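In what follows, a single structure is set out as structure tokens and then discussed.
Numbering (this note's numbering), first residue to last: 116 to 261.
Written out as structure tokens, the structure reads:
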């Protein structure tokens, strides 16, 4: 099976509040598990930064749905390519908010000051998502060890 990885950023419209986002995440995680999709969604009150990984046809269909979704504006594709390995294979949809990250975590992820994902290139966006998901996984692992 051929896999694709897609990373995009978009501005949020006023229509998407935290309650709506939680409903979207619940449905997305269930659907992603059924369709073989993994990835991460980084949320700030102003934008989404998301990576989707999975079968090419499914990733393409999901991105087409995002482009039509009224909750997104200024959808900008940062990365799209075929891949033979997943970066977020353990996550049907990891979810992180800017508020979840400390300034130290942001610095470790290569960001300091005001975060603007629209200025990121493909490698920077991918690296940022890998770093913050890794930090979150380390937090979760640390909680299990207690």
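Glycine residues also receive a C-beta, built at the ideal position from the N, C-alpha and C atoms.
Bear in mind the structure is a predicted one, so any value in this text is a computation, not a measurement.
Between which two residues does the alpha helix (DSSP H) holding residue i run?
i: residue 278; result: Because the chain in this structure spans residues 116 to 261, residue 278 falls outside the shown range and cannot be described.
i: residue 176; result: 171-183
Please check the pair residue i and residue j, which I expect to be a contact at CB under 8 angstroms, by giving their CB distance rounded to whole angstroms.
i: residue 155; j: residue 213; result: In fact, because the Cβ distance is near 13 angstroms, the residues do not count as touching under 8 angstroms.
i: residue 207; j: residue 148; result: 5 angstroms
i: residue 209; j: residue 248; result: 5 angstroms
i: residue 119; j: residue 174; result: 4 angstroms
i: residue 185; j: residue 128; result: 6 angstroms
i: residue 232; j: residue 162; result: 6 angstroms
Is residue i helix, strand or coil by DSSP?
i: residue 202; result: coil
i: residue 239; result: helix
i: residue 207; result: coil
i: residue 231; result: coil
Could you tell me which residues DSSP puts in a beta bridge with residue i?
i: residue 134; result: The partner list for residue 134 (beta bridge, DSSP) is empty, contrary to what the question assumes.
i: residue 141; result: Answer by DSSP bridge pairing: none, since residue 141 is not bridged.
i: residue 74; result: This structure does not reach residue 74, given that the chain is present from 116 up to 261, and the question cannot be answered.
i: residue 119; result: 169, 197
Compare the Cα-Cα distances from residue i to each of the options and report the closest residue.
i: residue 220; options: 144, 246, 257, 210; result: 246
i: residue 194; options: 237, 138, 218, 165; result: 237
i: residue 139; options: 181, 222, 254; result: 181
i: residue 176; options: 215, 253, 121, 254; result: 121
i: residue 126; options: 253, 197, 157; result: 157
i: residue 211; options: 200, 232, 159, 257; result: 159
i: residue 123; options: 252, 204, 257, 187; result: 187
i: residue 152; options: 164, 172, 134; result: 172
i: residue 191; options: 198, 197, 164; result: 164
i: residue 255; options: 222, 215, 230; result: 215
Which residues bound the beta strand (DSSP E) around residue i?
i: residue 159; result: 153-159
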